[in-house]
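Numbering (my numbering), first residue to last: 245 to 414. Ideal placement from N, C-alpha and C gives every residue a C-beta, glycine not left out. Just so it is clear, the structure is predicted and the values come from calculations on it, not from any experiment.
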DNA sequence: TGTCCGACTAAAT
DNA sequence: ATTTAGTCGGACA
C-alpha cells in the first residue's frame, strides 16, 4: 500500500492523506501537514500522479470530475449504497439527509450515520449533504473546534463555498 | 436478541 | 426557541 499527501487550500497546515494500492483508493484522511514528515510524496507512479492531479484540479479549477476509483467495499452494504448515492450528487449542489433518505427508502439519521463513516472525504462528496435546517456535520464533528485541532466544519464550509464559485464561472 | 446512540426532521409546545 | 416523538443502521453485550 502506498500513501501520498496533497495540500489543502483551506488552511496552511492541512493536507489530505490518500492511501491506495492496485489502482484503487483505500482510504483518505485529513491530517496536519507537520504531523508526519514521512508522508512526503515519494511515490511517482502513474496512479499517484493521477490522484494528485485530480485533487489539485478540483481544488483549483471548475468542472473537474474524479475518475479515480475508491474501494467502497470496505463499508457495509448500506454504507456502500449511500456512498454511491453521494457520488451522484453534482458538483455545486447539495442534498439534505432527509431527501437522500427518501430516495434510498431509509431514515435521515441512518443516512447521517453512513456519511459519518465515509472513508473517502472530498472524492465521495459527503460535504454536499446538509441538514434540512442548517449545515449538518462533517468528519464526525458538528461544531467548530478549538485552536490546534482540525476544524472540520470549516472545511465543509470551504468546500461548499468553493463549489459555488465553480457554478458562477459556468 | 435487546439496548443505545447518532452528521435527522416534522410537529407540537 | 425548545422539546418531543418517530426513524433505522450499526456497535456492543
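Query: Rounded Cβ spacing between residue 340 and residue 376 (contact assumed at less than 8 Å); Result: 5 Å
Query: C-alpha gap between residue 305 and residue 342, whole angstroms; Result: 30 Å
Query: Residue 364 in three-state terms, based on DSSP; Result: coil
Query: Rounded straight-line distance, which links the Cα of residue 260 to that of residue 274; Result: 5 Å
Query: Segment contact flag, the region 398 to 408 with the region 353 to 371, C-beta cutoff 8 Å, min 3 pairs; Result: yes
Query: For residue 259, the residue or residues it bridges with in DSSP; Result: 251, 275
Query: Neighbourhood of residue 382 by C-beta, 7 Å cutoff - its chain only, sequence neighbours within 5 removed; Result: 371, 396, 397, 399, 400
Query: Residue 327 beta carbon less than 8 Å from that of residue 362; Result: yes
Query: Inter-residue Cα distance where the pair is residue 245 and residue 391; Result: 33 Å
Query: Alpha helix (DSSP H) runs wholly inside the region 307 to 349, at least 4 long, in chain order; Result: 321 to 331, 341 to 348
Query: Three-state class that DSSP yields for residue 397 in the structure shown; Result: helix
Query: Pairwise C-alpha distance: residue 256 and residue 301; Result: 18 Å
Query: Close beta carbons around residue 281, own chain, < 7 Å, minus the five adjacent residues each side; Result: Note on residue 281: pLDDT 47, under 50, position unreliable in the model; the coordinate value appears next. There are no such residues.
Query: Residue 303 and residue 253 closer than 8 Å at C-beta; Result: yes
Query: C-alpha distance - residue 379 paired with residue 385, whole-angstrom precision; Result: 11 Å
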